Amino acid sequence: MPVAEIFSTEALATASADISYDEKDDETYVMSESDPEESLVSDYDVTNDYLKQALDLDHADDNHVSLLEDARSTVKTETTQVSEKKSDATSASGEPHSFVQFLMKHEIPRKVFHSLHGFITLGLYILGWSKFDAAKIVWTLFVLVFANDVVRLNFPAVNDLVLPYVRHFIRKYEATLWNGIVFFLAGAGLVLSYAPKDVAVVSIVLLSWADTAASTVGRAFGRYTPSVRCDKSLAGCLASAFTGLCVCYFFYGYIVPRYPEVNTTNELLWAAETSKLNIHVFALITAFITSFSEFVDIGLVDDNFTIPVLCAICLSMVAHAAKI
């Protein structure tokens with residue numbers, strides 16, 4: 008075969024394809040923060056060796072050596088171009104890609120957004136908002152977000168337009184399914200509309216903080232504890248219970264006494280003066296209910312809906328039963 012034909016564009020493309028492999032298919036594959044430049048240099052060296060073997064060059068032949076140097080120059084130029092693009096991308100973003108990948112892998116933006124719901128709920132409570140006024144806002148937001156999801160799930164072009172703005176706050180599967188915020192707003196709207204004021208506030212805060220704690224601890228330490236369900240670990244359930252305990256103490260032990268003016272007479276379902284249960288027993292019960300609601304799985308219903316609703320129902324039943 009003529010040397011010129013071997014060094015044709017098609018031959019070089021075939022040679023590159025022959026020596027490439029997907030490292031994810033390699034059973035020894037280990038996730039690492041390898042430098043793309045090192046990988047490209049390695050590919051360049053392997054391509055160089057491959058061409059030498061394929062041609063069985065006679066190093067005394069100046070024409071062959073010249074063609075080989077041209078091929079090496081082409082590969083080196085492409086390596087430099089890719090390296091420059093990598094540098095430009097890093098400079099434009101102002102931060103290494105590994106940091107962004109870390110944030111996305113651990114769902115940091117989503118968890119921060121999720122946790123903010125609890126702070127906002129407590130803030131509105133402290134400001135003296137009526138739960139019915141809050142419910143009106145929540146239901147209005149529900150209609151807007153629900154309508155948005157109906158449109159984007161039925162029109163791929165709209166979905167492609169919306170996703171870049173929300174992709175950091177949703178999970179991958181939600182790109183083609185209902186957004187978790189739809190379920191959250193539905194659950195929050197129900198508890199604000201029908202549950203007592205204190206129970207409604209606590210239920211929403213439990214969803215915001217306990218669910219986040221369960222997810223964070225479960226991902227970090229779940230592998231070291233038994234699994235209580237296919238996607239739930241004992242570590243996550245314990246984190247949820249502990250957060251529920253803390254929320255109960257924080258709300259009834261600090262927030263309520265600190266801001267007595269925001270509650271009217273008999274607006275609180277549970278109070279130490281009117282209950283057979285002291286705060287310690289009620290906090291333990293709250294911890295159990297929180298963990299239980301985290302564990303429950305109702306088909307396709309998102310836990311952003313089930314957690315606040317189940318917590319509100321169970322806490323209301325316990326508080327009513329313990330009334331003096």
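Going left to right, the sequence shown walks through residues 8 to 331 as the numbering used here numbers them.
A virtual CB, placed ideally from N, CA and C, is assigned to each residue, including glycine.
If you're wondering where the values come from, they're calculated on a predicted model, not measured in any experiment.
Neighbour-count burial assignment, residue i, 16 or more Cβ in a 10 Å radius
i	result
D29	Residue placement at D29 is flagged as unreliable, the pLDDT there being 44, under the threshold of 50; the coordinate-derived value follows with that caveat. Looking at its Cβ environment, which holds fewer than 16 other Cβ atoms inside 10 Å, D29 is exposed.
C237	exposed
A217	buried
F3	With the chain covering 8 to 331 only, the question about residue 3 has no answer from this structure.
S282	buried
G130	exposed
T128	buried
L123	exposed
G101	Legend: pLDDT at G101 = 47, less than 50; position of this residue unreliable, no value from coordinates given.
K330	exposed
R230	exposed
M38	A caution first: M38 carries a pLDDT of 36, below 50, which makes its placement in the model too unreliable to give a value.
A242	buried
K239	buried
L151	exposed
A290	buried
L252	buried
D5	Examination of residue 5 is not possible in this model, given that the chain is present from 8 through 331 alone.
S215	buried
G135	exposed
L307	exposed
L168	exposed
V325	buried
V157	exposed
V316	buried
Y36	Low confidence applies to Y36: its pLDDT is 32, below 50, so where it sits in the model is not reliable enough to give any reading.
Y261	exposed
First through last residue of the beta strand (DSSP E) which encompasses residue i
i	result
S298	Not the beta strand (DSSP E): S298 falls in the alpha helix (DSSP H), residues I286 to F302.
S234	S234 to R236
Selection from the options that minimises the alpha carbon distance to residue i
i	options	result
A193	F149, C318, I262 and F295	F149
G125	K283, M324, L245 and L213	L213
D309	A195, L168, A141 and S105	A195
R159	A290, A142 and W185	W185
T223	D205, T250, A328 and L199	T250
K118	Y132, R226 and A154	R226
V189	W146, A246 and S215	W146
S200	P267, F257 and K138	K138
H334	I115, K143 and A202	The structure shown does not extend to residue 334, since the chain is modelled only from 8 through 331, so no value can be given for it.
D140	C321, V198 and I115	V198
S247	V208, D156, I286 and I296	I296
N311	L284, A290, S210 and P233	S210
L245	F299, L322 and T271	F299
S323	W277, F153 and S234	W277
F153	G187, L317 and S105	G187
A142	Y261, N273, F191 and T271	F191
For residue i, the first and last residue of its enclosing alpha helix (DSSP H)
i	result
G196	G187 to Y201
N270	First-last for N270: undefined, no H or E at that position.
I211	K204 to V212
G225	D218 to F228
L266	The displayed chain sequence assigns Tyr, not Leu, to residue 266. Unbroken run through Y266: none, as it is neither H nor E.
F249	L241 to F257
V325	D310 to A328
9 angstroms Cβ cutoff met for residue i and residue j
i	j	result
V263	L275	yes
I314	E301	yes
I133	V303	no
Y259	I286	yes
A207	A319	yes
A337	C255	For the chain, the structure presents residues 8 to 331; residue 337 sits outside this window and is missing.
Open item on the list: As an exercise, report each continuous alpha helix (DSSP H) stretch of at least 4 residues that is fully enclosed by the stretch 110-138, in chain order.
Closed with: Correct list: 115-133.
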